[in-house]
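The opening residue of the sequence shown carries number -12 in the working numbering; numbering runs sequentially from there.
Note that the Cβ used here is the ideal one computed from N, Cα and C, for glycine as well.
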Amino acid sequence: MTRIIEADPTVWNNFHIHTYRCRHAEGDIADYVKKAAELGMNKIGFSEHAFIAGMENPLCMPEEDIPGYVEACRAADGEQGVSVLCGMECDYDPSDESFFREFYLGKFGMDYLVGSVHVLKGRHDTMNVFANSHFGVKELRIYTDLYVRMIESRLFTFCAHPDLFGRPIEVGEGSNGWDENAEAAAKEILDAAEENNTVLEINTSGIWKTRERGHKTIIYPRWQFWEMASDRNIRVIANTDSHSVERLDSGIDYGMELIRRYNLQRVELEKDQARD
Ligand SMILES: [Zn+2]
Ligand SMILES: [Zn+2]
C-alpha cells in the first residue's frame, strides 16, 4: 500500500503517468524511469486507465495486459535510483467501487488508485466531460455530485483534475469559463475534500492541451479553483498526467506556481514498506 507524505520542497515526483497500454499514450515503464532519473526525480507512479468488468472501453488498458503491467512496474522498481509505484486511474461510478477495491488493490496488489470523473452517466446516458457540446449547468450538477461521491468513498489515494469542469463551460458558453455555477461547484468539491481529508490533484496536462489546441486561456488547471483552496486545510499533489515520455514534466512549472501563489500544502506518495 501507499502512504501520503509531505513533499520534499526540493524534488518534484510524478504520480500520474500512462503507457502505450491504454492505446492512446506512448512509451513504456522503463522509458519513463530513464527520463525520470534524468530529471532528478526519485519516485514515479503509473496510473493506467482502469478496465472495468463488463464494459467495453477502447481508452482503457485491456484486462489481459494487467498482469504484464504490474510485473513491469515491479521489475523497474529501484532502477536508476527511482522508486516505481503501480496504480490505476479509475473512472468513478459508485457501482464500480467494490470492483476497483477487490480487483486492483486486492487481486493485483496495486499501490494506489486515482479517482477521475471523465464520464457522466445520467441524462445523456454516458457523456464524456471532454466533449464540450452538451455540457451546461445540468451536466455540471451531475459532475459535481459524482465528484463529491467519489471523494466520500475514500477509496482513492488522490482525486484527479477536480477543476476539469471549467473547460467545457468555457467552450460551451463563450465566457472565460468561471461563473457563479463554476464557483458553487468548486465550493462543494473543496468542502467535501476538506471534510474527508482527500488529496486533490493539480493536473497540468491541460497546459499541454491548451497549447496544442490553440485555446486562449488555460483550460485546466483553473487558477480560480485553486485560489479558493488557498485558505483551506486541503492537501494537493501536482502531476502532469503524461501520455508520452516527452510530457513527463510538461506544464509542471505552472502547477508549482499555483502551489506557491496560493500557499497550498503539497504532498506526494511513498510505498509503505512495512506492508509490502
Ligand atoms: Zn488518458
Ligand atoms: Zn490520466
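Rounded to a whole number of angstroms, what is the C-alpha to C-alpha distance between I224 and D64?
Roughly 21 Å separates the two Cα atoms.
Would you call P45 buried or exposed, if buried means 16 or more other Cβ atoms sit within 10 Å of its Cβ?
So P45 counts as exposed.
Sequence-distant residues of its chain with Cβ nearer than 8 Å to V254 (five each side left out)
Excluding positions up to five away in sequence, the list reads I(-9), I(-8), E(-7), A(-6), V186, R222, V223, I224.
Classification of R247 by the beta-carbon crowding that lies within 10 angstroms, buried from 16 upward:
With fewer than 16 Cβ atoms within 10 Å of its Cβ, R247 is classed as exposed.
In this structure, how does DSSP classify N267 when only helix, strand and coil are distinguished?
In the structure as shown, the chain begins at -12 and stops at 263. Residue 267 is therefore absent and cannot be evaluated.
How would you call K40, buried or exposed, if buried means at least 16 neighbouring beta carbons within 10 angstroms?
For clarity, residue 40 is Ala in the given sequence; the question names Lys instead. Classification of A40: exposed, given that the 10 Å Cβ count is below 16.
Please name the residue, chosen from D178, C73, V104, that lies closest to L92 on a Cα-to-Cα basis.
Selection D178, C73, V104 evaluated against L92 yields C73 as nearest (Cα-Cα).
Thinking S229 and I53 are a contact (beta carbons under 8 Å), I'd like their distance in whole angstroms, please.
Actually they are not in contact, since the Cβ atoms of S229 and I53 sit about 20 Å apart, beyond 8 Å.
Extent of the continuous beta strand (DSSP E) run through Y99
First-last of the beta strand (DSSP E) with Y99: 99 to 103.
What are the residues that DSSP puts in a beta bridge with E35?
E35 pairs with M75.
So, at 6 Å on beta carbons, what are the nonlocal neighbours of Y79 in its own chain, with the 5 sequence-adjacent residues on each side left out?
Once the five neighbours on either side are set aside, the close Cβ partners of Y79 are G102, V104, M137.
Ligand 1 heavy atom lying under 8 Å from the CB of H148
Checking every heavy atom of ligand 1 against the Cβ of H148, none is found closer than 8 Å.
Rounded C-alpha distance that separates G201 from E170
Between G201 and E170, the C-alpha separation is close to 25 Å.
Rounded straight-line distance, which links the Cα of N220 to that of G27
Going from the Cα of G27 to the Cα of N220 covers about 29 Å.
State yes or no: is the C-beta of R61 within less than 9 Å of the C-beta of E35?
Cβ distance not < 9 Å, so R61 and E35 don't count as in contact.
Since A225 sits in a beta bridge, which residues does DSSP pair it with?
Bridge partners of A225: I189.
Assigned exposure category for S237 - 16 Cβ within 10 Å defines buried
Per the 10 Å Cβ criterion, buried.
S34 Cβ short of 8 Å to ligand 2 heavy atom set
Yes; taking the cut-off as 8 Å, the Cβ of S34 has a heavy atom of ligand 2 nearer than that.
When you compare only the Cα positions, how much space is there between D259 and N29?
The alpha-carbon separation between D259 and N29 amounts to approximately 16 Å.
In angstroms with no decimal places, state the Cα-to-Cα distance between Y134 and P149.
C-alpha of Y134 to C-alpha of P149: approximately 8 Å in a straight line.
Taking DSSP as the reference, what is the three-state secondary structure of I(-8)?
The answer is strand: DSSP assigns I(-8) an E or B state.
Going residue by residue through the stretch 0 to 76, where are the continuous alpha helix (DSSP H) segments of at least 4 residues, counting only ones entirely within it?
Qualifying alpha helix (DSSP H) stretches, in chain order: 16 to 25, 53 to 63.
Look at L151 and Y241 and say whether their C-beta atoms are less than 9 Å apart.
No.
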